[in-house]
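Here's the structure we're looking at; comments come further down.
There are 2 protein chains.
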Amino acid sequence: MTRQPTFHQVEAAPSGTRRERVRQATSREIKEIARRHLTAHGASGVSLRAIAREMGMTAPGLYRYFASLNHLLEALQAELFAELGAAVDAAEASQPDSDTDGRLLAALRAVRAWGLANRPEFALLFGPAGTPPASSPEDSPAAEAGQRFASTFVALFDRLIAEGRFTVPDEPEASPALCAQLDAFASLTGFSGDRASAGAIRVLLGCWVRFYGIVCMEVFQHLGFVSDDMETLFEAELRDLAADLGVAYRPPDAR
Amino acid sequence: MTRQPTFHQVEAAPSGTRRERVRQATSREIKEIARRHLTAHGASGVSLRAIAREMGMTAPGLYRYFASLNHLLEALQAELFAELGAAVDAAEASQPDSDTDGRLLAALRAVRAWGLANRPEFALLFGPAGTPPASSPEDSPAAEAGQRFASTFVALFDRLIAEGRFTVPDEPEASPALCAQLDAFASLTGFSGDRASAGAIRVLLGCWVRFYGIVCMEVFQHLGFVSDDMETLFEAELRDLAADLGVAYRPPDAR
DNA sequence: GGAGAAACGTGAACACCGTTAGCGGATTAC
DNA sequence: GTAATCCGCTAACGGTGTTCACGTTTCTCC
């Protein structure tokens with residue numbers, strides 16, 4: 001303990017007071033161990049008592065850091081969204097800035113790769129919602145992190161719209177109610193105002209849903225009965241998907 | 001207890017010996033209660049002790065009927081697949097036999113409707129696979145029931161192929177490995193041999209994946225941020241999907 | 001009809017789990 | 001130096017899946 005007791009305020013520590021630093025370190029350790037247990041045994045294998053045991057603590061002590069096991073899992077969700085987002089960003093950054101097609105393909109492939117490499121984590125993020133959706137508009141940290149993750153793709157899709165990549169099929173009978181909601185969604189998520197017609201957003205949403213379907217099916221292992229070489233099937237779907245978006249398909253780099 | 005004790009064998013009971021009947025009745029009661037708990041509190045809310053308590057039994061007694069909680073859940077899965085299949089069959093039967101389009105649309109809508117009306121059940125069937133896939137090829141009752149459910153749609157898709165509904169895009173570079181696996185899948189699931197080219201199956205699989213995506217997203221509540229009127233969005237997706245299959249879209253019956 | 005086997009359900013026990021309440025000690029703030 | 005705050009502990013409550021040994025009921029077979 002080599003601390004000069006003269007000025008207790010200054011100190012200029014990395015972040016906040018000493019208490020806050022050690023507190024945050026403990027919090028991080030809890031989440032790291034929880035993550036390991038999640039990876040090893042799935043979401044149901046994460047238990048406060050086991051985490052505390054591994055840390056040399058007792059379970060009630062963890063309640064100073066997380067209000068409940070569910071809150072811990074929510075915090076984990078937020079971290080995982082960030083991790084997935086970082087993986088996507090990295091993949092995107094591996095492509096030239098101007099190459100919208102390459103960046104989108106790389107981003108989508110990165111999501112699949114992350115999901116396959118982190119099945120339980122992916123299931124926690126995109127599986128059935130255990131908790132009823134937060135009443136207040138997205139006050140949960142997980143939902144907020146999820147929106148930040150989504151914004152990555154919103155930005156990419158926005159570029160497609162701006163570049164006028166795909167022709168929106170003039171919907172013969174798009175219900176006005178749906179149009180209104182899609183427009184609201186557009187402005188809320190920051191789509192470029194004018195060009196983002198409800199029709200365009202429907203195309204993008206359709207593609208996202210399609211992508212979600214293929215990745216979930218593969219990660220959740222509901223396609224084992226058809227083939228064990230999912231890579232090529234995924235790429236075939238990706239090709240179709242790209243075509244719908246006016247994106248030039250390119251096979252993945254043989255790395 | 002008015003039983004004539006003369007001939008213990010004959011009796012001509014509905015099925016099997018008396019022992020087997022009461023055993024099956026108990027087994028059915030267990031599954032019924034488990035189903036109620038599943039509906040009310042999700043898969044994690046199904047507990048042997050609670051079921052036993054409700055039956056006036058003790059938990060170890062249930063082990064005479066199911067080897068473990070997981071086996072119970074698997075049996076439940078099988079029953080739910082059958083229930084979902086029955087709902088789909090009923091919807092299909094509401095359309096004229098010759099009306100392939102109407103039958104397919106009705107069947108797909110039935111899946112969505114069942115999922116929305118039975119969220120936890122749907123999650124158990126189509127959510128992340130908790131147990132690693134059975135080593136032996138589909139010896140688990142759940143997997144077997146799942147295949148039976150799938151066969152309903154296989155038959156419908158088969159009709160589309162037989163009727164030559166959609167033109168398969170001649171894949172420029174369908175990998176031979178994938179083609180072989182798709183062909184194997186075709187013969188295994190009973191697609192009509194010759195017409196079911198790997199290309200056609202890819203189209204069908206793509207549509208199925210797309211459908212899976214939209215329904216899962218809705219049931220798992222990962223689309224709450226875009227709209228709360230999912231019905232119209234689903235129908236819009238369904239329209240696109242039908243177009244890919246050469247199926248004439250028709251709005252749902254205003255019932 | 002009676003002996004033996006098979007199935008059934010129970011009580012006790014083991015090892016876990018989430019969560020709450022109350023307490024003592026360390027750290028911080030004033 | 002004193003008061004407030006935070007921290008981690010113990011103890012406890014009620015819940016879980018699962019195993020084992022035991023008595024009772026039921027069936028089978030001679």
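Chains as they are written, first to last, in the UniProt record's numbering: chain A, 1 to 255; chain B, 1 to 255.
In this text, a Cβ means the ideal position worked out from N, Cα and C, and glycines have one as well.
These figures come from a predicted structure and were not determined experimentally.
Could you check which residue in the options has the C-alpha nearest to that of residue i?
| i | options | result |
| --- | --- | --- |
| residue 224(A) | 225(B), 241(B) and 128(B) | 128(B) |
| residue 82(A) | 240(A), 152(A) and 241(A) | 152(A) |
| residue 222(A) | 43(B), 250(B), 166(B) and 125(B) | 125(B) |
| residue 78(B) | 150(B), 23(B), 99(B) and 95(B) | 150(B) |
| residue 245(B) | 182(B), 102(B) and 252(B) | 102(B) |
| residue 228(B) | 252(A), 182(A), 253(A) and 232(A) | 182(A) |
| residue 34(A) | 154(A), 49(A), 240(A) and 23(A) | 49(A) |
| residue 200(B) | 160(B), 98(B) and 40(B) | 160(B) |
| residue 26(B) | 16(B), 55(B) and 187(B) | 55(B) |
| residue 317(A) | 192(A), 188(A), 198(A) and 187(A) | As displayed, chain A neither begins before 1 nor continues past 255, which places residue 317(A) out of reach and without an answer. |
| residue 42(B) | 230(B), 220(B) and 231(B) | 220(B) |
| residue 204(B) | 139(B), 104(B) and 216(B) | 104(B) |
| residue 145(A) | 80(A), 206(A) and 71(A) | 80(A) |
| residue 206(A) | 96(A), 232(A) and 241(A) | 241(A) |
| residue 71(B) | 57(B), 24(B), 31(B) and 97(B) | 31(B) |
| residue 226(A) | 52(B), 208(B), 53(B) and 250(B) | 208(B) |
| residue 24(B) | 53(B), 58(B) and 62(B) | 62(B) |
Could you tell me which chain B residues have their CB closer than 7 Å to the CB of residue i, listed as they occur along the chain?
| i | result |
| --- | --- |
| residue 202(A) | 236 |
Looking at residue j and residue i, is the spacing between their C-beta atoms short of 9 Å?
| i | j | result |
| --- | --- | --- |
| residue 75(B) | residue 141(B) | yes |
| residue 168(A) | residue 202(A) | yes |
| residue 116(A) | residue 237(A) | no |
| residue 29(A) | residue 100(A) | no |
| residue 130(A) | residue 158(A) | no |
| residue 123(B) | residue 110(B) | no |
| residue 165(A) | residue 247(A) | yes |
| residue 86(A) | residue 94(A) | no |
| residue 234(B) | residue 214(B) | yes |
| residue 114(A) | residue 88(A) | yes |
| residue 46(A) | residue 84(A) | no |
| residue 44(B) | residue 44(A) | yes |
Does residue i pass the burial test, meaning 16 or more other C-beta atoms within 10 Å, or should it be called exposed?
| i | result |
| --- | --- |
| residue 19(B) | exposed |
| residue 60(A) | exposed |
| residue 156(A) | buried |
| residue 243(B) | exposed |
| residue 176(B) | exposed |
| residue 37(B) | buried |
| residue 212(A) | buried |
| residue 252(B) | exposed |
| residue 64(A) | exposed |
| residue 22(B) | exposed |
| residue 108(B) | buried |
| residue 188(B) | exposed |
| residue 121(A) | buried |
| residue 210(B) | buried |
| residue 40(B) | exposed |
| residue 16(A) | exposed |
Run through chain A and tell me which residues come within less than 7 Å of residue i, C-beta to C-beta.
| i | result |
| --- | --- |
| residue 128(B) | 123, 127 and 220 |
| residue 217(B) | 209 and 212 |
Output, in chain order, the set of chain B residues within a Cβ distance shorter than 8 Å of residue i.
| i | result |
| --- | --- |
| residue 226(A) | 181, 182, 185 and 205 |
| residue 240(A) | 206 |
Going along chain B, which residues have a C-beta under 9 Å from residue i?
| i | result |
| --- | --- |
| residue 44(A) | 44 and 130 |
What residues from chain A crowd round residue i, counting only those whose CB sits closer than 9 Å?
| i | result |
| --- | --- |
| residue 229(B) | 175, 177, 178 and 181 |
| residue 214(B) | 206, 209, 210, 212 and 213 |
Please confirm whether any heavy atom of the ligand NAP lies closer than 8 Å to the CB of residue i.
| i | result |
| --- | --- |
| residue 77(A) | The ligand NAP is not part of the structure shown, which contains no ligands of any sort. |
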